[in-house]
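Heads up, the thing below is written out as structure tokens.
There are 2 protein chains.
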Amino acid sequence: MKDVAAAAGVGLKTVSRVVNGEAGVSEATAGRVRAVIDQLGFRRNDGARLLRQGARTGSVGLLLEDVADPFYSQLSRAVEEVVRAHDSLLLTGSSAEDSARERALALGFCARRVDGLIVVPTSADHAYLAPEAAAGTALVSVDRPMPGLEVDTVLADNRAGAVAGTAHLLRQGHRRIGYLGDAPDIFTAAERLAGYRQAMADAGCPVEEPWIAMGRPDPLGLRFALARMLSDPHPVTALMCGNNRTTVAVLRELAGRQERPALVGFDDFELADLLAVPVTVVAQDPALMGRTAAELLFRRLRGEPAAPQHILVRTRLIPRGSGEIPP
Amino acid sequence: MKDVAAAAGVGLKTVSRVVNGEAGVSEATAGRVRAVIDQLGFRRNDGARLLRQGARTGSVGLLLEDVADPFYSQLSRAVEEVVRAHDSLLLTGSSAEDSARERALALGFCARRVDGLIVVPTSADHAYLAPEAAAGTALVSVDRPMPGLEVDTVLADNRAGAVAGTAHLLRQGHRRIGYLGDAPDIFTAAERLAGYRQAMADAGCPVEEPWIAMGRPDPLGLRFALARMLSDPHPVTALMCGNNRTTVAVLRELAGRQERPALVGFDDFELADLLAVPVTVVAQDPALMGRTAAELLFRRLRGEPAAPQHILVRTRLIPRGSGEIPP
DNA sequence: GCCAACGACGACAACGTTGTCCTCGTCGTC
DNA sequence: GACGACGAGGACAACGTTGTCGTCGTTGGC
């Protein structure tokens with residue numbers, strides 16, 4: 000900027016005025032300054048600008064498990080749209096379900112003075128974010144609650160969804176229903192498992208522990224779990240899958256086996272309706288969740304709601320075939 | 000920081016030293032300062048730090064068409080991993096194929112003084128980035144070249160891939176092959192169409208213009224295009240699809256029709272192998288492309304390669320069934 | 001012809017850090 | 001006991017902006 004001012008033969012403040020389109024500069028001077036700016040390729044340094052103004056930085060951080068997971072990538076896109084509508088920029092980070100990594104990313108974002116943070120929190124304690132919240136950083140938790148901190152939260156009705164999915168299988172006459180879920184320390188995994196148990200209990204259907212397999216959805220683990228559930232002298236006749244990753248991995252394993260149990264998956268996924276046996280799912284609306292979370296964040300930045308909001312997004316059972324196979 | 004210094008009864012520089020773990024502070028003083036920092040919830044302002052140091056900001060911008068597209072979300076994730084390995088943060092933006100929007104995002108990122116920019120460029124001229132490049136911002140173009148600027152570029156061998164896919168259908172005996180691609184101003188769409196034409200020409204197979212439909216993959220447009228190609232008195236017997244969005248949309252349309260043409264898709268996609276008729280594809284490796292682009296960017300930041308690099312990532316034909324249907 | 005009002009512009013401080021350089025006190029050595 | 005060396009810590013400027021306020025010249029009104 001100094002160079003521009005010198006080259007145009009004006010003061011620093013005049014360049015600033017031109018750059019920001021402020022009044023008080025004659026058209027002649029402004030034109031001269033603009034010419035020099037173009038020629039020198041000058042760009043305002045927003046870092047310095049924000050430092051001086053002490054205002055919002057116009058940036059928001061998004062922390063989730065994995066951008067490559069379709070559920071999160073849709074959520075991510077919805078967040079981005081809202082952020083863009085508010086003329087803000089988006090910083091993204093994948094925690095890979097590692098709380099240390101999440102923490103490092105979150106603090107890194109905050110050191111950059113993001114206006115707010117939208118987080119899909121790991122199960123670890125998040126009290127370390129209390130100072131940021133106190134400093135005015137808007138925090139929104141999405142998909143899961145944030146342990147150790149009271150913040151705006153957007154959740155799906157995981158339990159009701161799992162109940163609906165399991166009940167659907169029970170209605171087809173299944174009594175021996177397996178449950179394959181994500182690692183049990185993940186909030187949604189625990190909630191959905193609880194929903195499954197509740198539906199089974201409501202139906203007076205005892206659950207045998209070998210029917211339940213919880214853990215990160217890796218092919219080998221799922222192969223063993225399925226072998227155990229399906230090769231048993233009393234095999235399960237239906238499966239409930241805890242999330243889209245698990246459902247897809249299970250479908251892939253089942254393709255290599257003879258058994259064709261009924262199946263309901265939590266989370267909708269692309270092409271679920273075009274498979275040989277279309278997959279019945281309990282659908283979430285990741286875009287709605289992302290949009291809601293982002294809007295909550297900007298409302299919070301406007302200082303609107305006093306107390307932290309808790310929003311529940313409904314799930315929806317979509318029968319497609321795989322859940323309608325009788326035992 | 001002033002508050003911390005005052006509360007701890009030390010000078011500003013001492014707080015700075017403690018925060019940055021510099022030597023020259025007694026353990027007693029350091030402990031006192033740390034206690035005050037914890038109590039006040041002080042966090043260093045990286046904006047000011049970077050301003051003072053004039054160094055790199057440790058942040059990278061990623062601009063692509065749509066984070067929710069599985070191709071880009073995988074690419075995105077790979078970029079993120081490399082960025083994280085270099086202790087940098089990632090700003091993400093979706094251009095939605097709108098060059099004005101891309102430009103606004105790019106300039107916004109640059110105003111934040113990102114160290115570099117990884118871009119999936121729209122077809123518009125990108126000369127506006129020349130000043131940024133001159134100012135030392137590393138630029139990498141991925142998936143498509145950047146019109147109007149010579150930068151490091153990572154491309155798939157689109158043409159060879161399309162040739163391979165089309166030739167595969169020709170080998171099955173197809174002569175009347177339709178091509179459904181993205182908007183023709185998109186580099187990859189044009190290249191792949193050229194590959195299709197080339198393979199057809201090489202086989203001495205004349206192409207009739209009604210067999211070709213180029214445009215954003217919207218269901219209605221594709222429905223008409225397919226109706227035209229398949230209901231013709233001389234219908235096409237096979238289809239080549241230009242990208243994953245188109246392939247999926249076409250599969251969905253075909254599910255509502257009687258005809259079962261052979262089909263090869265450009266881009267692999269999840270569950271392609273589990274469909275009723277598994278889909279033969281020309282697979283790209285989006286993660287490799289993202290990783291390569293990001294590594295190129297950091298090499299450039301280290302000042303390594305003199306001239307802009309151009310890297311070609313190979314595609315791979317994966318026969319699965321849908322392409323092996325004879326006419 | 002004088003003065004007020006106004007428009008155009010610049011000087012300067014401040015935002016929150018850190019690099020440089022300086023001061024001050026203590027300790028060891030001869 | 002004097003002196004040098006060294007460790008701890010502080011004062012100050014600077015990074016690139018912008019808000020505040022002041023200056024200067026011109027114009028219009030009476």
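So the protein sequences, as listed, match chains B and L.
Going by numbering that gives the first Met the number 0, 289 is the number at position 290 of the first sequence; the sequence numbering is gapless.
Going by numbering that gives the first Met the number 0, 139 is the number at position 140 of the second sequence; the sequence numbering is gapless.
Where a beta carbon is used, it is the ideal one built from N, C-alpha and C, also for glycine.
Distance between beta carbons of residue j and residue i, contact taken as under 8 Å
| i | j | result |
| --- | --- | --- |
| Ser75 of chain L | Val66 of chain B | 5 Å |
| Ser98 of chain L | Thr121 of chain L | 4 Å |
| Pro69 of chain L | Glu252 of chain L | Their Cβ separation, rounded to whole angstroms, is 19 Å, which puts Pro69 of chain L and Glu252 of chain L out of contact at 8 Å. |
| Ala188 of chain B | Gly241 of chain B | 6 Å |
| Leu271 of chain L | Arg319 of chain L | Strictly speaking, residue 271 of chain L in this sequence is Ala, with Leu absent from that position. Their Cβ separation, rounded to whole angstroms, is 7 Å, which keeps Ala271 of chain L and Arg319 of chain L in contact under 8 Å. |
| Met228 of chain L | Gly177 of chain L | 4 Å |
| Arg46 of chain B | Leu49 of chain L | Inspection of the sequence shows that residue 46 of chain B is occupied by Gly rather than by Arg. Gly46 of chain B to Leu49 of chain L, Cβ: 6 Å. Contact. |
| Ser58 of chain L | Ser25 of chain L | In fact, because the Cβ distance is near 35 Å, the residues do not count as touching under 8 Å. |
| His167 of chain B | Thr279 of chain B | 7 Å |
| Val139 of chain L | Leu296 of chain L | 5 Å |
| Ile117 of chain L | Ala261 of chain L | Actually they do not touch by this definition, with Cβ atoms about 36 Å apart. |
| Ala198 of chain B | Leu221 of chain B | Not confirmed; about 22 Å, so no contact. |
| Ala110 of chain L | Arg43 of chain B | 6 Å |
| Gly164 of chain B | Val235 of chain B | Contact flag wrong, Cβ pair sits at about 15 Å. |
| Glu64 of chain L | Ala95 of chain L | 7 Å |
| Leu273 of chain B | Leu250 of chain L | 6 Å |
Beta-carbon neighbours of residue i, restricted to chain B and to distances below 9 Å
| i | result |
| --- | --- |
| Asn19 of chain L | In chain order: nothing, as chain B lies at least about 12 Å away. |
| Pro69 of chain L | Ala67, Pro69, Ser72 and Glu269 |
Neighbour list for residue i in chain L, Cβ cutoff strictly below 7 Å
| i | result |
| --- | --- |
| Thr245 of chain B | Result: empty, since nearest Cβ-Cβ is about 14 Å, beyond 7 Å. |
Chain L contact residues for residue i, given Cβ-Cβ distances below 9 Å
| i | result |
| --- | --- |
| Gly40 of chain B | Ala129, Pro130, Glu131, Ala133 and Ala134 |
| Thr291 of chain B | Per Cβ cutoff of 9 Å: no residues; Thr291 of chain B is ~17 Å from chain L at best. |
| Leu250 of chain B | Leu270 and Leu273 |
Same chain, Cβ closer than 7 Å to residue i, neighbours up to 5 away in sequence not counted
| i | result |
| --- | --- |
| Ala129 of chain L | Leu148 |
| Val276 of chain B | Gly320 and Ser321 |
| Arg33 of chain B | Val17 |
| Asp284 of chain L | Val312 |
| Val206 of chain L | Arg196 and Met199 |
Spatial neighbours of residue i in its chain, beta-carbon cut-off 6 Å, leaving aside the 5 residues before and after
| i | result |
| --- | --- |
| Gly194 of chain L | Arg158, Ala161 and Val162 |
| Asp142 of chain B | Val119 |
| Gly243 of chain B | In the sequence as displayed, the identity of residue 243 of chain B is Asn instead of Gly. Once the five neighbours on either side are set aside, the close Cβ partners of Asn243 of chain B are Phe70, Asp266 and Phe268. |
| Glu79 of chain L | Leu89 |
| Phe41 of chain B | Val3 |
| Cys204 of chain B | Arg174 |
| Ala226 of chain B | none |
| Gly289 of chain B | Leu74, Ala77 and Val78 |
| Ile36 of chain B | Val3 |
Beta-carbon contacts of residue i that lie in its chain and below 8 Å, excluding the five residues immediately before and after
| i | result |
| --- | --- |
| Leu192 of chain B | Ala161, Tyr178, Gly180, Pro183, Ile211, Met213 and Gly241 |
| Asp217 of chain L | Ala248 |
| Ala5 of chain B | none |
Proximal residues of chain L, C-beta to C-beta of residue i below 8 Å
| i | result |
| --- | --- |
| Arg315 of chain B | Chain L residues near Arg315 of chain B: none, gap ~20 Å exceeds 8 Å. |
| Arg76 of chain B | Asp65, Val66, Ala67 and Ser93 |
Per-residue contacts from residue i into chain B (C-beta, under 7 Å)
| i | result |
| --- | --- |
| Leu229 of chain L | Chain B residues near Leu229 of chain L: none, gap ~18 Å exceeds 7 Å. |
| Gly107 of chain L | Leu88 |
| Ala47 of chain L | Leu50 |
| Ala254 of chain L | Leu273 |
Listed by chain order, chain B residues near residue i by CB distance under 8 Å
| i | result |
| --- | --- |
| Gly92 of chain L | Glu79, Arg83, Leu88 and Leu89 |
| Asn44 of chain L | Leu50, Ala110 and Arg112 |
* Determine, using beta-carbon pairs with one atom in the segment 6-19 of chain L and one in the segment 297-316 of chain B, whether at least three such pairs fall under 8 Å. => no
* Asked: Residue ranges of each beta strand (DSSP E) run of no fewer than 3 residues wholly in the segment 77-152 of chain L, ordered along the chain?
  -> 88-93, 115-118 and 137-141
* **beta strand (DSSP E) segments (min. 3 residues) lying fully within the segment 188-238 of chain B** => 211-213
* To do: Could I get the ranges of all uninterrupted beta strand (DSSP E) runs contained in the segment 33-68 of chain L, with 3 residues as the minimum, in chain order?
  => 58-63
* To do: Tell me the start and end of each unbroken alpha helix (DSSP H) in the segment 259-316 of chain L that is at least 4 residues and wholly inside, in chain order.
  => 285-300
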